[in-house]
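Asks: Handing you a structure now.
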Amino acid sequence: MTMIERMPSRFFVGGEPGKPDVTPEPWFLDPREIGRALRARWALVLAPAVLLLAAAVAWLALVPPLYAAVTQILIDPRGIQVVKDGVTPSDQASDASLFLVDSQIRVLISDEVLRQVVTRFKLDQDPDFVRPASPLETLKSRLSSLIVTAGGPADDTLTALRTLRDRTTARRLERSFVVELAVSSEERRKSAELAQAIAETYLTTVSQAQAQVTRKAGEAVSSRLGELQDDLRQAEDKAQKFRAANNLVGTRGQLVSEQALTQLNQQLGAARARAGELRGRLAQIEAVANGRADLNSVTEIVQSTTVAQLRAQLAQIEAARADTLSNLGPRHPTLRTGELQVQTLRNDINAEIRRIAAATRNDYRSALSNEASLAATLESRKKEALSVDKSFVRLRELERQVEASRAVYEAFLVRARELQEQQRLDTSTSRVISPASLPERRLGPPIPAIFAAALAAGLGLGTALALLAVPAAGRIGSRRRFQQLAGLPVVAALPAKVPTRTRSKAGSESLRADTAYDVAVARLGSRLQRDFGATRPTVVLVTSADDRSGKSELARSLAASAALDGQRVLLVDADPEAMISRDLRSQAKRGAAEVLRTHSGLGDALVEGPTGVKILPFDDAALRLGTAAYTGAILTAASAFDTVFVDIGLIGTDIAAERLAQDQRFPALLLTASAARSGTARLRRALDALGRDPRVQLVMTDAEVEG
Numbered sequence: 004m005t006m007i008e009r010m011p012s013r014f015f016v017g018g019e020p021g022k023p024d025v026t027p028e029p030w031f032l033d034p035r036e037i038g039r040a041l042r043a044r045w046a047l048v049l050a051p052a053v054l055l056l057a058a059a060v061a062w063l064a065l066v067p068p069l070y071a072a073v074t075q076i077l078i079d080p081r082g083i084q085v086v087k088d089g090v091t092p093s094d095q096a097s098d099a100s101l102f103l104v105d106s107q108i109r110v111l112i113s114d115e116v117l118r119q120v121v122t123r124f125k126l127d128q129d130p131d132f133v134r135p136a137s138p139l140e141t142l143k144s145r146l147s148s149l150i151v152t153a154g155g156p157a158d159d160t161l162t163a164l165r166t167l168r169d170r171t172t173a174r175r176l177e178r179s180f181v182v183e184l185a186v187s188s189e190e191r192r193k194s195a196e197l198a199q200a201i202a203e204t205y206l207t208t209v210s211q212a213q214a215q216v217t218r219k220a221g222e223a224v225s226s227r228l229g230e231l232q233d234d235l236r237q238a239e240d241k242a243q244k245f246r247a248a249n250n251l252v253g254t255r256g257q258l259v260s261e262q263a264l265t266q267l268n269q270q271l272g273a274a275r276a277r278a279g280e281l282r283g284r285l286a287q288i289e290a291v292a293n294g295r296a297d298l299n300s301v302t303e304i305v306q307s308t309t310v311a312q313l314r315a316q317l318a319q320i321e322a323a324r325a326d327t328l329s330n331l332g333p334r335h336p337t338l339r340t341g342e343l344q345v346q347t348l349r350n351d352i353n354a355e356i357r358r359i360a361a362a363t364r365n366d367y368r369s370a371l372s373n374e375a376s377l378a379a380t381l382e383s384r385k386k387e388a389l390s391v392d393k394s395f396v397r398l399r400e401l402e403r404q405v406e407a408s409r410a411v412y413e414a415f416l417v418r419a420r421e422l423q424e425q426q427r428l429d430t431s432t433s434r435v436i437s438p439a440s441l442p443e444r445r446l447g448p449p450i451p452a453i454f455a456a457a458l459a460a461g462l463g464l465g466t467a468l469a470l471l472a473v474p475a476a477g478r479i480g481s482r483r484r485f486q487q488l489a490g491l492p493v494v495a496a497l498p499a500k501v502p503t504r505t506r507s508k509a510g511s512e513s514l515r516a517d518t519a520y521d522v523a524v525a526r527l528g529s530r531l532q533r534d535f536g537a538t539r540p541t542v543v544l545v546t547s548a549d550d551r552s553g554k555s556e557l558a559r560s561l562a563a564s565a566a567l568d569g570q571r572v573l574l575v576d577a578d579p580e581a582m583i584s585r586d587l588r589s590q591a592k593r594g595a596a597e598v599l600r601t602h603s604g605l606g607d608a609l610v611e612g613p614t615g616v617k618i619l620p621f622d623d624a625a626l627r628l629g630t631a632a633y634t635g636a637i638l639t640a641a642s643a644f645d646t647v648f649v650d651i652g653l654i655g656t657d658i659a660a661e662r663l664a665q666d667q668r669f670p671a672l673l674l675t676a677s678a679a680r681s682g683t684a685r686l687r688r689a690l691d692a693l694g695r696d697p698r699v700q701l702v703m704t705d706a707e708v709e710g
């Protein structure tokens, strides 16, 4: 290890190049500050993590694991359309269907379903669902019974039901009618069995409820059948009595008078048609008889058998006469006989035609008589029909009431029979589509995740506590916090002092170059020479708010470093604690007070220190003579030196120190604070006492060495 005899001033720089003296950001945004705070309070950081890890271990050991089994149920709100008119509507709107499925979820986890499962599996005797009361719970129940009126004994069935309800969850899967049911217990197989049992019990309960609803509806409809039948009978009796009272007899829904009127109208029409037909036929026959028409133009004459026979005979005779005329000549006597026969036959034909005409005339007259009779009868019946119109209107109203009562009665009768048959049908299409299987792992996060979460939460809590403890402790702690508190740059951060002095061959002490404190002091001295060394001598005051040992050691070290740099150095001990003076091995010839009274120089009051430093020991009597005289004597003696360091008392507790610090004849003032010991409250008081003085330079002692 080499010794530093002289160190160039340009080698020592106060701050790091490229960095501002004052950092405006809060200290807790600096990762290095956070790291320092956590390293300084590592026990506080680890304590919550250890506690939470222990709590996680205790929880895993004391709380039994739960396993959740899941089953899926398809709840189809439509059902099967077995009959045309069911109790439940077969088609509903989508929103209504979703509401129906949500309602069925409530039925799935209802007490009605869960109570059957509790009874089936005897869960009221299962310690997993009915735990024995702990001594603390027993004591609490006894105290409660003394304060309030005690109720009945605890119901294990109700307790098991509540536990099962708490461990059962159901939810509808998104965009579907599928409901997922989950049941948890301490055993894998039990969870699967309970989930499957709840699903099956729900399906059975829904089917029974539907049958019960159908049965109630059928009973309600059947109970109305008797009343509807009585209403129908009363309506029919009333209509029948009114019909009989008003002689309104009819068949097939029509009155007899209406039927007769219709028949008479039809008969009159037929009679008029018959009379017209006979009138036409008679006119044709008379035309034939008078010779105005051909014999073949009348159907009755043509179709008459007698006329046909006579015409056949006439044709034969005329044929024979024509043959005789051609063979025997026109004078033959046979021709005369034929002519007589022809004339006779013609007369017979005419007589037959007249007979037909007479018969037709008689028919025509009879038809006219019948027409007149029917017309008279129709007019008479019309008058009778008009007289019963009002009664007929009332009858129609009564008949409509009868028909309405009959329709309602028949509809209820058919519906009652349908409901009786529907009781035996299960139209529900809900079913279990995914049976419950044994769960693979316990409910909740995995054990490694629990420990990781406990560790992370503990470290986070510990970190927060450690960071909160920094301002709560009221200590400076770091250079950054010192700068933000004072609002001034920290020109140097000195590590803790390590006594590593050695003795040279000449017998004098020298400063080791490999100590971080001495190197930092050398850099600070170089900075002071750079900033305040324009005029000689350079006088520097060293003070603090509560760092007495740090400031005195800094003054001594700065003096030693300057002396090693070849400067003439004067070190003044003005601290009432006299930490520099107590280590001196020799005494001055005269005291400082005596020198001040005699107005002689301070040369006889100085003591030779290590490395050639001149030291003015502390003299309380000299300070009592007045700080002005004391300061004047120091400044007068300083003319013989290059640098003067004055170690004064604490600002805020020493009046003389405050007066010396406020004396503007001292160009530089170093205010030290210990990172580990200095408090923020005292530092604020010291800064308030100094005010915004540009001479003040901040120095931190006991700072953490930055790697």
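So the sequence shown is numbered by the numbering used here: it starts at 4 and just counts up by one. Every residue gets a Cβ at the ideal spot worked out from N, C-alpha and C, and that includes glycine. Note that the structure is a prediction, hence the values are computed from the model and not measured.
Excluding the 5 residues flanking Arg642 on each side, which residues of the same chain have their C-beta closer than 8 Å to its C-beta?
Replies: A small fix is needed here, since residue 642 is Ser in this sequence, not Arg. Result list for Ser642: Pro540, in chain order.
Asks: Hey, could you find the ends of the beta strand (DSSP E) Gln700 is sitting in?
Replies: Val699 to Thr704
Asks: Give the straight-line distance between the Cα atoms of Arg246 and Leu398, rounded to the nearest whole angstrom.
Replies: 7 Å
Asks: Under the criterion of a Cβ to heavy atom distance below 7 Å, does Arg168 qualify as lining the ligand MG?
Replies: In the structure on display, the ligand MG does not appear, and there are no ligands present to speak of.
Asks: Buried or exposed: Ile436, going by 16 or more other Cβ atoms within 10 Å of its Cβ?
Replies: Exposed.
Asks: Looking at the structure shown, is Thr171 part of a helix, part of a strand, or coil, going by DSSP?
Replies: Thr171: strand per DSSP, three-state reduction.
Asks: Taking the alpha carbon of Thr166 as the point to measure from, which residue in Asp549, Thr614, Thr538 and Val133 has its own alpha carbon closest?
Replies: Val133
Asks: Put Ala628 into one of helix, strand or coil per three-state DSSP.
Replies: One detail in the question is off: residue 628 reads as Leu in this sequence, not Ala. It is coil, neither helix nor strand.
Asks: Taking the alpha carbon of Leu164 as the point to measure from, which residue in Gln199, Ala202, Gln590 and Phe124 has its own alpha carbon closest?
Replies: Ranking Gln199, Ala202, Gln590 and Phe124 by Cα distance to Leu164 puts Phe124 first.
Asks: Is Val216 helix, strand or coil by DSSP?
Replies: helix
Asks: Keeping to the same chain, check which residues put their C-beta closer than 7 Å to that of Thr160; ignore five residues upstream and five downstream.
Replies: Val121 and Asp127
Asks: Need the endpoints of the beta strand (DSSP E) that Lys1 sits in, please.
Replies: The structure shown has nothing for residue 1, since the chain only spans 4 to 710.
Asks: With a Cβ-Cβ cutoff of 8 Å, do Gln237 and Leu377 count as a contact?
Replies: no
Asks: According to DSSP, what are the bridge partners of Gln243?
Replies: None, per the DSSP bridge assignment.
Asks: Pick from Asp98, Asp131 and Asp114: whose alpha carbon is nearest that of Ser179?
Replies: Asp98
Asks: Roughly how many angstroms lie between the CA atoms of Met703 and Glu36, to the nearest whole one?
Replies: 15 Å
Asks: If you count every other CB in all the chains shown that lies within 10 Å of the CB of Arg715, and 16 or more means buried, which is it?
Replies: No answer is possible for residue 715: it lies beyond the span of the chain, which begins at 4 and ends at 710.
Asks: Can you tell me whether Lys500 is helix, strand or coil according to DSSP?
Replies: coil
Asks: My understanding is that Ala678 touches Glu707, with C-beta atoms under 8 Å, so please give their C-beta distance in whole angstroms.
Replies: 7 Å
Asks: Use the C-beta contact count for Ile658: other C-beta atoms within 10 angstroms, 16 or more gives buried, fewer gives exposed.
Replies: exposed
Asks: Does Ala173 pass the burial test, meaning 16 or more other C-beta atoms within 10 Å, or should it be called exposed?
Replies: buried
Asks: Cutting at 7 Å between CB atoms, please list the residues of its own chain near Asp79, excluding the five before and the five after it.
Replies: Correct list, in chain order: Phe180, Thr432 and Ser433.
Asks: From what residue to what residue does the alpha helix (DSSP H) around Glu183 run?
Replies: Taken as a continuous stretch (DSSP letters only), Glu183 belongs to no alpha helix (DSSP H), being part of the beta strand (DSSP E) at Val181 to Ser188.
Asks: Quick one: grab the DSSP three-state call for Glu611.
Replies: strand
Asks: Does Thr546 come out as helix, strand or coil in the three-state DSSP assignment?
Replies: strand
Asks: Compute the beta-carbon to beta-carbon distance between Asp607 and Arg593, rounded to the nearest angstrom, for a pair I have assumed lies under 8 Å.
Replies: 4 Å
Asks: For Ser408, is the classification buried or exposed, using 16 other Cβ atoms within 10 angstroms of its Cβ as the cut-off for buried?
Replies: buried
Asks: Taking only three categories from DSSP, how would you classify Val116?
Replies: helix
Asks: Would the stretch 467-474 and the stretch 47-58 be scored as touching if the rule is three or more Cβ pairs under 8 Å?
Replies: yes
Asks: Which first and last residues belong to the beta strand (DSSP E) in which Thr683 is found?
Replies: Unbroken run through Thr683 is the alpha helix (DSSP H), Thr683 to Leu693; no beta strand (DSSP E).
Asks: Could you compute how far the alpha carbon of Ala460 sits from the alpha carbon of Val543?
Replies: Between the alpha carbons of Ala460 and Val543 lies a gap of roughly 51 Å.
Asks: So what's Ala671 in DSSP terms, helix, strand or just coil?
Replies: strand
Asks: Nearest CA to the CA of Ala525: which residue from Ala562, Gly553, Leu101 and Gly536?
Replies: Ala562
Asks: Less than 8 Å separating the beta-carbons of Glu355 and Leu313?
Replies: yes
Asks: Here's a check: name, in chain order, each residue in its chain whose Cβ is nearer than 6 Å to the Cβ of Ile618, leaving out the five neighbours to either side.
Replies: Leu574, Val610 and Gly612
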